[in-house]
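Taken in order, these protein sequences are the chains called U and H. Counting along the first sequence from 1, when you hit position 3 you're at 12 in the working numbering, and nothing is skipped either side. Counting along the second sequence from 1, when you hit position 177 you're at 178 in the working numbering, and nothing is skipped either side. The C-beta atom is built at its ideal place from N, Cα and C for all residues, glycine as well.
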Amino acid sequence: MDDPIEKLLKNPRVWRGRSAAPGWQGLASGYPRLDRYLPGGGWPPHALTEILLAEHGAGELELLMPALARMSRAADDGDAAGWIAWIAPPFHPYPPALVQWGIDLSRVLIVRPKTATEALWAAEQALSSGNCRAVLLWSDALDSATSRRLQLAAERGRSWAVAFRPLDAQSEATAAALRIRLTNSREGTELSILKSRGGRPATLRNVVRDSGVG
Amino acid sequence: MSSSDKSPAESQGAAPTPAAVASVHAVPRAAQQTLSLPPVEDARRQPAASGIERKLWLGVHLPKLSLEALCRRNETAAWAVFDEQRGMRRILDANAHARAAGIVAGLSINAALSLSPALNLAARSPSREALVMNRLAVWAAQFTSLVSIESRDVLLLEIAGSLRLFDGIPSIRQQVGRGLEEKGLTAMVAIAPTPLASVWLAKSGRGQCIDDPARLAGSLGPVPLNRLDWPDSVVELLRGMGVTTIGDCLRLPRQGFARRCGARFLNELDRALGRLPDPRESHRAPERFCAECELDEEESDRELLLPVCRELLQKLERFLRTRQIQIQRVKFSFFHLQTQVTHLTLGCVQAGQSIEHWFDLLRIKLDRIELAAPVIAICLKGGPSQPSSTATGSLLLDGSGRSKTNAASITSLIERLSARMGDAAVHGVVTIAEHRPQRAWRPARLLDEAPRCATSSGFWNEREMPGLLNEIQRTNSLLLRRPLWLLDVPEPLATKDNRPLYHGQLSLVNGPERLESGWWDDEGIARDYFVARSEDGLHVWVYRDRGSSAWYLHGIFG
């Protein structure tokens, strides 16, 4: 008890990455190389995942598509809440492409809020309603307090929250269970796991589009 | 009333046709002793007969309702209403101008239009007629407490209790007649001690007024049978026997009449003559909920207004539950001392939601509106109601049962979102079989359940053939790669050395895919689509317009 190190380790503010075994079965991302680096073997199921982007189109949707497709199809097998909410997407999610990726369109809910506050509110509602298996949110207005709210809502509604944020959010603290940075370069995409609850940071190249397009 | 004092009254009332009346009563009496058919027993007749003395029915028949429900009577143009019978559209009724042009009921509409090309035609609308009748019933409640909608075009008023107030039969009859005239309705009014008799007299077109039950049989005697709403087969059968009026019917033996035509019609005759009781149900105007709550003092804090609203909603719930009805719309009105009332309307897709749901919607909406001033009173009004329906749950926990409960709760999420952001901001998507990328999809309303499957995949049902469809989709995806992001409006791209620029020079990796379609409307396209990669590794979907040779960015492979 008197041992200062013991005392320090008991402080709840100290996070010990290695000791915390993942208490969940992850959602397989569909990219085995990535799954190996994610604790639980996939996306954290009832938590917030942050994806930091410099530019829309860095392969962020392709990264999620296999998992989302399985979720929306799972609805047919008796899993009730298979809805996927898209909140404040920057462009139109293109339905023919979604179908190509295997998404069940009857489970797609698109919300176009007028303000950033509304977007956060809608995301929280969708997460905590318990009807949405996944909630995708595009927002520049997320901060550590709101990310904490989303994280709690995701736990409450047992839903997977994904927030897409600009690259400069990297310096801000977050309550997300997983934080990923996607960057593009001539050589291909680079995926960096910046924060992973129960895991450790890593950098992977060409997880998506490794087969290339042309 | 015994049979001894009845006879003189009868013979007196039926003076015009004494023989007929005598036989009317002679036949049933004789029949009663020998027949096993529904005999009218003395014991049952007595209360009915004493009831007749108390009741007096005013029957209103609207012979031109189908026309007058659709156009005003003082219309200056020629109007006619048609009805579809056995695939033929025939004129049902026409107004005076049309009749002057030779339009009569029964004409086919082609013949009518050739007679009068300027004729305005309207299809008969039973719902409009029902609306007129309901309004009329509400209006008629000023004369009596018992108003009953007898049939499509007949209204009954029980006026015995109102005679003193309205100064006797002639006066009440005049007032009803004037009211109907003001409403622009052609009406026949008759008064009789039994409801059926007043209906038949009104329908026969003789505006009689009989207040003495003893005169009933005599007055009904000349009414032709084809005015009674009896089936044609029965009327024809009787006509073949030379029986064309009610009087003729009454002269027939009861047993034979019942056997040939059906006991129902004998029963109707008995009821019309007051030999059997013939109660009517009173028309009830649809109820609307309205409750008000005045606050002790002016209040502007929304958090303190909410409990009051909740109380009102609880009252609403009790009101709905006791009446077994449900509503889809409620309106809150917030009253201020100085300024105009603030109204707040809430709607929900699924009627019969609990007050928690309404309260949720209210809380969301109340946050969004401006209250111009502190509130002094709140009023809650319910919208039109419908009978409540409670779905029977499935005994087995099969998939369909579960998805239903899930659909209900996603509904409440969607309602909450659209309550705050507007209906247009929350939607689903469907694909459309169309080559033009812009038109290959559209937003879909989420809460109408049916169309999703039908439109998403052409002529087959997606759920029936998932395997095949998946296969096709997979093949498609190999052939024609589509971007996950589509731009609302294609963005023009600058070019350098005839090659498009986007984040540096674009290299075309795949293509061209030529799409040329839509020449039949004004949004035809002729484009060559390419999958391209920018210098910093973004994959985009670009096209070259074949007309102008300009490059555009249309999608991003997110």
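key: Between the CA atoms of H:E517 and U:M80 - distance to the nearest angstrom   = 36 angstroms
Quick check on this structure: which residue in H:D271, H:R125 and H:G103 has the alpha carbon closest to the alpha carbon of H:S115? H:G103
Checklist entry - Taking the DSSP output, what are the residues bridged to H:E159? => result H:W58
TODO: Give the straight-line distance between the Cα atoms of H:E159 and H:P278, rounded to the nearest whole angstrom.
DONE: 15 angstroms
| query | Just the Cα atoms here: how many angstroms apart are H:L36 and H:Q256? | reply | In this predicted model, H:L36 has a pLDDT of only 39, less than 50, meaning its place in the structure is not dependable; the value taken from the coordinates is given anyway. Taking the straight line joining both Cα atoms gives about 7 angstroms.
Practice item. Within its chain, find whatever has a CB closer than 6 angstroms to the CB of U:I96; leave out the 5 residues flanking it on each side and keep chain order. Key: V120, A128, A131, A132 and L146
In the DSSP assignment, find the unbroken alpha helix (DSSP H) run with H:P171 in it and report its ends. I170 to E183
### Message
Can you confirm whether the stretch 169-188 of chain U touches the stretch 56-75 of chain U when touching is taken to mean that 3 or more C-beta pairs between the two stretches lie within less than 8 angstroms?
### Response
yes
*Residues that U:G197 contacts on chain H, provided the C-beta gap is smaller than 9 angstroms*: G538
Check: Among the residues of its own chain, which have a CB less than 6 angstroms from the CB of U:A94, if the five just before and after it don't count?
Finding: L118, A135, C141 and V144
What separation, rounded to the nearest whole angstrom, lies between the Cα atoms of U:A78 and H:Q506? 33 angstroms
Assuming H:D529 contacts H:R547 (C-beta within less than 8 angstroms), just tell me the rounded distance between them.
6 angstroms
- Query: Would U:Q109 be called buried (16 or more neighbouring beta carbons within 10 Å of its own) or exposed?
  - Reply: buried
**Message:** Strictly by DSSP, which residues pair up with U:T198?
**Reply:** U:N193
task: Within the same chain, show all residues whose beta-carbon is closer than 6 angstroms to that of H:V139, passing over the 5 residues directly before and after it, in chain order.
output: A286
Taking 6 angstroms as the limit between beta carbons, can you name the residues of its chain near H:V61, skipping five residues before and five after? L156, A188 and V190
Cβ of U:A172 less than 9 angstroms from any chain H Cβ? no
message = Could you tell me the alpha carbon to alpha carbon distance between U:V217 and U:G68, rounded to whole angstroms?
response = 7 angstroms
Quick one: using the 10 Å Cβ neighbour count with 16 as the cut-off for buried, is H:C262 buried or exposed? buried
So H:P493 contacts chain U; which residues on that side make the cut at Cβ distance below 7 angstroms? Simply none; closest approach about 16 angstroms.
key: For H:D94 and H:E76, the rounded distance between their alpha carbons   = 14 angstroms
Check your understanding: DSSP state of H:V235, grouped into three classes?
Key -> helix
For H:K332 and H:L554, I'd like the C-alpha separation in whole angstroms.
48 angstroms
### Span separating the alpha-carbon of U:L72 from that of H:L132
59 angstroms
Exercise. Of all the residues that make up the stretch 431-444 of chain H, which are near chain U by a beta-carbon distance shorter than 9 angstroms?
Worked result: V431, T432, I433, P438, A441, W442, R443 and P444
Going along the stretch 60-75 of chain U in order, which residues come within less than 8 angstroms of chain H, judged by CB to CB distance?
E64, H65, G66, A67, G68, E69, L70, E71 and M74
If I'm right that U:L176 touches U:L62 with Cβ under 8 angstroms, what's the distance once you round it to whole angstroms? 6 angstroms
message: Can you check which of these residues, U:P105, U:R209, U:L213 and U:K204, is closest to U:E196 by C-alpha distance?
response: U:L213
* Asked: Do you know how far the Cα of H:A112 is from the Cα of H:D212?
  -> 47 angstroms
### Query
Are any of the Cβ atoms in chain H nearer than 9 angstroms to that of U:L118?
yes
Query raised in the report: Taking buried to mean at least 16 other C-beta atoms within 10 Å of its own C-beta, is U:Q160 buried or exposed?
Result: buried
Exercise for the section: Figure out for me which residue from H:F144, H:R153, H:C72 and H:A193 has the closest Cα to the Cα of H:K56. Expected result: H:A193
message = Would H:L251 and H:T195 be called neighbours here (beta carbons separated by less than 9 angstroms)?
response = no
*Own chain residues within Cβ distance below 8 angstroms of H:L481, not counting five before or after*: E514
Worksheet item: In chain H, what lies closer than 7 angstroms to U:R79 by C-beta?
Response: Those within 7 angstroms of U:R79 in chain H number zero; the least Cβ separation is about 13 angstroms.
Exercise. For H:L313, which residues of its own chain have a beta-carbon under 7 angstroms away from its beta-carbon, when the five flanking residues on both sides are left out?
Worked result: A292, C294, I379 and L381
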